[in-house]
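All remarks here apply to the structure that follows.
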Amino acid sequence: MQPGGAAGRVALDLVIEGGWVVDGSGEPRFRADIGVLGGRIAAIGDLHQHIATRRIDARNKLVAPGFIDVHGHDDLMFIQKPGLPWKTSQGVTTVVVGNCGVSASPAPLPHNTAASLALLGDIPLYADMERYLATLESLQPLINVAALVGHANLRLAIMQDPTAEPTPQELQAMQGLLRQSLAAGAVGFSTGLAYEPGCYASQAELEALARVAKEFEALHTSHIRNEGDEVEQAVEEVLSVSRHSGCAMVISHHKCMMNANWGKSARTIANIDTTRAQGTQVAMDIYPYSGSSTILIPERAHRIDRIKITWSTPHPECNGMYLTDIAEQWNCDKEEAARRLLPAGAIYFAMDEQEVQRIFQHPCCMVGSDGLPNDANPHPRLWGTFTRILGRYAREERLVSIEQAVRKITSLPASVYGLAERGQIRLGYWADLVVFDPETVIDRATWDEPTLPSEGIELVAVNGQIVFLSSDAVPTPGIRPGQVLRRQLPA
Ligand SMILES: [Zn+2]
């Protein structure tokens, strides 16, 4: 807590005064004003005598680093709906896109496609990572964005038959394309081993790619092959890829689906702990709900009792309905109804809330919304993940302290993803800041009303510029202070 700090007597752009600072490190809160100059935190302490262009009263509020959503599917939203209200209204100032094996670049060969690309929407994809990131930069994003390159994209861009095993030449070409994406600034690569065509990849293929990521000190994040009956083997598979390649990894939205598998996370986490103890960098993330959401998979129709349709191209009248009711109306079985709805998306109610909460408490567990902004009737995680963490998991359930909850959504992801000078309130760091009311912060989005904005977030600033104020319904138009966070090449 350096009073005054580097700013001296220079006029500050913004002072947030009188709040309790939860600085992201996990340490207890302290009372201080925060001064911002040129997009960075320029002073921390008693700043009442400083000249400032704008002062914000944060008495009785907490001031935290901006939240980092480690699991987004907003790749094309930065271009299609750049206002991103589902992010700013819950305090998110940085999102990592390109998850679950699917990213906006590189584009598939003309004859190749995959259902999982629907997670992004349907506009043309970008030829390569450089073109995608340069496009984002020229459009000026509202919040900061870091990108992963999708393994499905690598397969679809290179392989003549993406359902096959790659030939040695194809594997080499995929490694080359990954190298090119990482050199352009991708923070790592993601796999979606439960989806086509990721599901056709062998462990050897994953290791070959992870070795390339390791050269760049980049990450592998994985939607693992199975999150149900074979979740333990699926976790072991990706951990083994990391042990063999040395590549750091993140297990995405870790969970155990379907009653028979509840409780298996005790063993998957034991395996993660052992692997970490051996020196391999492993982290994971969750979203704070017991329902999951992705494309509609007809084979799941008889294994999961409650399935809610989030969108359907041939039957938009079914958006928001339960599969059981649709099947009854159509007088067919649930799997047949699901097939007729394709292409479509769904919410599956198949997790144990207690288990989600236990996974969240693990010190290496971060938070990712996995929000699907294209869905007509989205999962409420899109609008409510981070306020739900603060309001329900920290304040109401007391699973962790507010300070630890903030660490999990700020400094921890900044360090895992290598986002330099972000994720903490420290002198010289970028001024990504959130002011929120610890007594009232809460998610409002529900299964029935999934797009209700959260409450209790008072102010959100990205690189020192205010992008959300609770008193303004709409942030000041035209301000787009986000940065494309290209991964720095290792020295
Ligand atoms: Zn996923």
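Just so we're aligned: 289 in our numbering is position 289 of the sequence shown, and the numbers increase by one with no gaps anywhere. The C-beta atom is built at its ideal place from N, Cα and C for all residues, glycine as well. Since the structure is predicted, the reported quantities are computational estimates derived from the model, not experimental observations.
Exercise for review: Collect the residues with a C-beta less than 5 Å away from any heavy atom of ligand 2 and give them in sequence order along the chain.
Suggested key: Of the ligands this structure carries, namely ligand 1, none is ligand 2.
**Study point:** Three-way DSSP call (helix, strand, coil) for CYS199 in this model
**Key:** What you label residue 199 is simply residue 199 of the sequence shown in a count that begins at 1. Three-state result, CYS199: helix.
Practice item. Measure the C-alpha to C-alpha separation of GLY228 and GLU170 and round it to an integer number of angstroms. Key: Mapped onto the sequence shown, residue 228 falls at position 228. Mapped onto the sequence shown, residue 170 falls at position 170. In a straight line, the C-alpha of GLY228 is about 31 Å away from that of GLU170.
Review point. Who are the near neighbours of ALA248 in its chain, counting only those whose CB is closer than 6 Å to its CB and skipping five residues on each side?
Key: The residue labelled residue 248 in the question sits at position 248 within the sequence shown. Non-local beta-carbon contacts of ALA248 in its own chain, meaning distances under 6 Å to residues more than five positions away in sequence, involve LEU219 and GLN281 in chain order.
**Study point:** Alpha carbon of LEU427 to alpha carbon of THR163, nearest angstrom
**Key:** Numbered from 1 along the sequence shown, position 427 holds the residue referred to as residue 427. Numbered from 1 along the sequence shown, position 163 holds the residue referred to as residue 163. C-alpha of LEU427 to C-alpha of THR163: approximately 51 Å in a straight line.
Review point. How would you label GLY279, buried or exposed, when you count the other beta carbons within 10 angstroms and need 16 or more for buried?
Key: Indexing the sequence shown from 1 puts residue 279 at position 279. GLY279 comes out exposed.
Practice item. Would you please state the rounded distance, in angstroms, between the beta carbons of ARG179 and GLU232? I believe it to be under 8 Å. Key: For the purposes of this step, residue 179 is taken as residue 179 along the sequence shown, with counting starting at 1. For the purposes of this step, residue 232 is taken as residue 232 along the sequence shown, with counting starting at 1. Between GLU232 and ARG179 the Cβ distance is about 32 Å, and since that is not below 8 Å, they are no contact.
Practice item. Find the nearest neighbour of SER292 within the set ILE56, HIS253 and GLN175, judged by alpha-carbon distance. Key: Indexing the sequence shown from 1 puts residue 292 at position 292. Considering only ILE56, HIS253 and GLN175, the residue with the shortest C-alpha distance to SER292 is HIS253.
Check your understanding: By how many angstroms is the C-alpha of VAL462 removed from the C-alpha of THR93?
Key -> Your numbering for residue 93 matches position 93 in the sequence shown. Your numbering for residue 462 matches position 462 in the sequence shown. Using only the alpha carbons, I get a separation of about 6 Å.
Check your understanding: Given LYS214, which residues of its chain have a CB within under 7 Å of its CB, disregarding the five upstream and five downstream residues?
Key -> As a first step, residue 214 must be located in the sequence shown, where it is residue number 214. Contacts found: SER245, GLY246 and CYS247.
Practice item. Would you tell me roughly how many angstroms separate the C-alpha atoms of MET1 and ASP432, rounded to the nearest one? Key: Within the sequence shown, residue 1 is the residue found at index 1, counting from 1. Within the sequence shown, residue 432 is the residue found at index 432, counting from 1. Unreliable positioning characterises MET1 in this predicted model, as indicated by a pLDDT of 40, which lies under 50. A coordinate reading is not provided.
**Study point:** First through last residue of the alpha helix (DSSP H) which encompasses HIS151
**Key:** Here residue 151 is taken as the residue at index 151 of the sequence shown, counted from 1. First-last of the alpha helix (DSSP H) with HIS151: 151-158.
Point to revise | Exposure of ALA7, with buried meaning 16 or more beta-carbon neighbours within 10 Å | key: Your numbering for residue 7 matches position 7 in the sequence shown. With a pLDDT of 46 at ALA7, under the threshold of 50, the modelled position of that residue is not reliable, and the figure given next carries that caveat. It is buried - the Cβ of ALA7 has at least 16 other Cβ atoms within 10 Å.
Point to revise | Nearest candidate by alpha-carbon position, reference TRP95, set GLY368, PRO481 and LEU459 | key: As a first step, residue 95 is located in the sequence shown; it is residue number 95 there, counting from the start. It should be noted that the sequence gives Val, not Trp, for residue 95. Per the Cα distances, GLY368.
**Study point:** Sequence-distant residues of its chain with Cβ nearer than 8 Å to TYR322 (five each side left out)
**Key:** Taking the sequence shown and counting its residues from 1, the one referred to as residue 322 is at position 322. Hits under 8 Å: ARG306, ILE307, LYS308 and ILE309.
Practice item. Give the DSSP bridge partners of SER292, in chain order. Key: Reading the sequence shown from its first residue, position 292 is the one you call residue 292. In the DSSP assignment, SER292 forms a beta bridge with TYR348.
Practice item. Assign ASP23 to buried or exposed, taking buried as 16 or more other Cβ atoms, counted over all protein chains shown, within 10 Å of its Cβ. Key: By 1-based counting over the sequence shown, the position of residue 23 is 23. By the 10 Å Cβ count, ASP23 comes out buried.
Review point. Would you call the region 71-80 and the region 98-108 in contact, with 3 or more CB pairs under 8 Å?
Key: Touching, yes.
**Study point:** Alpha carbon of ASP13 to alpha carbon of LEU37, nearest angstrom
**Key:** The residue given as residue 13 occupies position 13 in the sequence shown. The residue given as residue 37 occupies position 37 in the sequence shown. Cα atoms of ASP13 and LEU37: separation of roughly 5 Å, rounded to the nearest angstrom.
Exercise for review: May I ask you to report which of helix, strand or coil DSSP gives GLN278?
Suggested key: Translated into the one-based positions of the sequence shown, residue 278 becomes position 278. Secondary structure at GLN278: coil, using DSSP grouped into helix, strand and coil.
Exercise for review: Take ILE79 and list the residues in its own chain whose beta-carbon comes closer than 8 Å to its own, dropping the five residues that flank it on each side.
Suggested key: What you label residue 79 is simply residue 79 of the sequence shown in a count that begins at 1. Excluding positions up to five away in sequence, the list reads ILE123, THR135, LEU136 and LEU139.
**Study point:** Cβ-based neighbour list, ALA64, same chain, cut-off 6 Å, excluding 5 preceding and 5 following
**Key:** For the purposes of this step, residue 64 is taken as the residue at position 64 of the sequence shown. Contacts found: VAL22, VAL406 and VAL434.
Practice item. Kindly confirm or deny that the region 346-354 and the region 44-56 touch, where touching means at least three C-beta pairs closer than 8 Å. Key: At 8 Å Cβ cutoff, the stretches do not touch.
Check your understanding: What residues in its chain sit with their C-beta under 6 Å from that of SER312, if we drop five residues either side in the sequence?
Key -> Along the sequence shown, read from residue 1 onward, the residue named residue 312 stands at position 312. Excluding the 5 residues flanking it on each side, SER312 has same chain C-beta neighbours closer than 6 Å at CYS318, LEU341 and ALA344, in chain order.
Exercise for review: To the nearest angstrom, report how far apart PRO106 and ALA208 are at their CA atoms.
Suggested key: Here residue 106 corresponds to residue number 106 of the sequence shown, with the count starting at 1. Here residue 208 corresponds to residue number 208 of the sequence shown, with the count starting at 1. Each residue's alpha carbon lies about 19 Å from the other.
Point to revise | Rounded C-alpha distance that separates ALA394 from ALA146 | key: Position 394 of the sequence shown, counting from 1, holds the residue named residue 394. Position 146 of the sequence shown, counting from 1, holds the residue named residue 146. Their Cα atoms are separated by approximately 27 Å.
Review point. Where ARG59 and LEU390 are concerned, what is the direct C-alpha to C-alpha distance, given to the nearest angstrom?
Key: Indexing the sequence shown from 1 puts residue 59 at position 59. Indexing the sequence shown from 1 puts residue 390 at position 390. If I take the Cα positions, the gap works out to 19 Å.
Check your understanding: Can you list, in chain order, the residues of its chain whose CB lies under 6 Å from that of ARG243, leaving out five sequence neighbours each side?
Key -> Position 243 of the sequence shown, counting from 1, holds the residue named residue 243. Non-local C-beta neighbours of ARG243 in its own chain, meaning closer than 6 Å and more than five positions away in sequence, comprise THR280, ordered along the chain.
**Study point:** Integer Cβ distance of ASN271 from VAL235, believed to fall under 8 Å
**Key:** If you number the sequence shown from 1, residue 271 lands on position 271. If you number the sequence shown from 1, residue 235 lands on position 235. The beta-carbon distance between ASN271 and VAL235, rounded to whole angstroms, is 6 Å. This is short enough to meet the 8 Å contact definition.
**Study point:** Three-state secondary structure assigned by DSSP to MET249
**Key:** Within the sequence shown, numbered from 1, the residue matching residue 249 stands at position 249. For MET249, the secondary structure class from DSSP, reduced to helix, strand or coil, is strand.
**Study point:** ASP325 - containing beta strand (DSSP E), residue span
**Key:** Working through the sequence shown from its first residue, we reach residue 325 at position 325. Judged by DSSP secondary structure, ASP325 falls outside any beta strand (DSSP E) and instead within the alpha helix (DSSP H) spanning 323-330.
**Study point:** Backbone secondary structure at ARG395 - three-state DSSP
**Key:** Residue mapping note: residue 395 aligns to position 395 of the sequence shown, counting from 1. It is helical.
Point to revise | Within 8 Å, strictly: CB atoms of GLU27 and LEU47 | key: Reading the sequence shown from its first residue, position 27 is the one you call residue 27. Reading the sequence shown from its first residue, position 47 is the one you call residue 47. The Cβ-Cβ distance between GLU27 and LEU47 does not fall below 8 Å.
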